[in-house]
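Peer 1: Each residue of the sequence shown is one higher than the one before, starting from 12 at the first, in UniProt numbering.
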Amino acid sequence: DTRKGPILYVEGVSVSFDGFKALNNLSLYINDGELRCIIGPNGAGKTTMMDVITGKTRPDQGQVYFGQTINLLALQEHEIARGGIGRKFQKPTVLETLSVYDNLELAMASNKGVWSCLLHTLNGEQRDRIAEVLHLIRLTAQARQQAGALSHGQKQWLEIGMLLMQNPRILLVDEPVAGMTGEETERTAELLTSLAGRHAVIVVEHDMAFVRSIARTVTVLHQGSVLAEGSMDKIQNDPKVIEVYLGE
Ligand code: ADP
């Protein structure tokens, strides 16, 4: 293994809202290519943590590094997004009147120019990448369909595909299976598992069966810091974790 330590360092991060500590000395290390699930009761700080990583919220204290040298706290939200950290929100933002293919093309073009993209001036390598992503997200057969005609699950996959067009090193995914059918949930597990390795994938999710089906390492947040971390078996037998979830 030639990897040199974590791709993401979150160290001693605190965030307060009107004196209330949403994050309290939170430390978290994500390895390159790993698939990590973040769980925790409502209000544990999961969203705030993602907001800090993506530059939306500035911490009062602590450090956030991409690799060993890039200080994310010195960058703007759009610079972080372009630099390699993609975030998928719960609500899909696909362009409904465009085809699946054109949605991917536009997502690829965000720093190349939207107009040249719509004139279909992509080179072979770019077309190959779109074909590859269509295959990954299982929408090859739907490439020419309007995105608005996709099922809820398919829209979520398209949105993940749009993030992939930017070649992120880290993907943050917020509740990917909310509202999905059982079959869509299974396919989403396969998709996220297949992305790990090439990308670090951080999934915030409430659905425990889903977390069990994908995660190697689970981090439990509670009151703004890490309560427990480890395999799902270890987490589920941890008395601290059981207590927090029973109290919900
Ligand atoms: P989670 O995503 O785990 O449910 P959040 O990160 O959304 O937790 O919230 C952590 C705590 O911080 C909650 O108690 C929430 O009410 C509070 N909080 C989050 N954002 C704000 C904000 N912008 N202003 C005030 N309080 C906030």
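Ideal Cβ positions, reconstructed from N, Cα and C, are used throughout, including at glycine.
Considering only their Cβ atoms, is the gap separating residue 215 from residue 185 smaller than 7 Å?
Peer 2: Result yes, Cβ atoms of residue 185 and residue 215 sit closer than 7 Å.
Peer 1: Look at the Cβ atom of residue 139, then the Cβ atom of residue 188, and state whether they are nearer than 7 Å.
Peer 2: It is not a contact, given that the beta carbons lie outside the stated cut-off.
Peer 1: Excluding the five sequence neighbours on either side, which residues of its own chain have a C-beta within less than 8 Å of the C-beta of residue 299, listed in chain order?
Peer 2: This structure leaves residue 299 out entirely; the chain is present only between 12 and 259.
Peer 1: Secondary structure at residue 12, three-state DSSP: helix, strand or coil?
Peer 2: Per-residue confidence for residue 12 stands at a pLDDT of 43, beneath the threshold of 50, marking its modelled position as unreliable; no derived number is given.
Peer 1: Threshold first: 4 residues or longer. Then list the alpha helix (DSSP H) segments lying entirely within the segment 117-192, N to C.
Peer 2: Runs found: 125-129, 135-147, 163-175.
Peer 1: Quick one: residues in its chain with C-beta nearer than 7 Å to the C-beta of residue 156, no 5 flanking neighbours on either side, listed in chain order?
Peer 2: Correct list, in chain order: 110, 111.
Peer 1: Specify the secondary structure class of residue 106 as computed by DSSP and reduced to three states.
Peer 2: In the structure shown, residue 106 sits in coil (DSSP, three-state: anything other than H, G, I, E or B).
Peer 1: What is the rounded straight-line gap between the Cα of residue 18 and the Cα of residue 211?
Peer 2: Taking the straight line joining both Cα atoms gives about 8 Å.
Peer 1: Please confirm whether any heavy atom of the ligand ADP lies closer than 6 Å to the CB of residue 272.
Peer 2: Residue coverage of the chain in this structure runs from 12 to 259, which leaves residue 272 outside it and unanswerable.
Peer 1: For residue 70, which three-state DSSP category applies?
Peer 2: If DSSP states are grouped into helix, strand and coil, residue 70 belongs with coil.
Peer 1: Using DSSP bridges, identify the partner residues of residue 230.
Peer 2: In DSSP, residue 230 forms a bridge with 49, 240.
Peer 1: Over what stretch of residues does the beta strand (DSSP E) that includes residue 9 continue unbroken?
Peer 2: Only positions 12 to 259 of the chain appear in the structure, and residue 9 is not among them; the question remains open.
Peer 1: Let me confirm a value: residue 55 is counted as buried when at least 16 other C-beta atoms fall within 10 Å, else exposed. Which label applies?
Peer 2: By the neighbour-count rule (16 or more Cβ atoms within 10 Å), residue 55 is buried.
Peer 1: Do the segment 73-82 and the segment 251-258 touch if we need at least three Cβ pairs shorter than 8 Å?
Peer 2: Contact fails: fewer than three Cβ-Cβ distances are below 8 Å.
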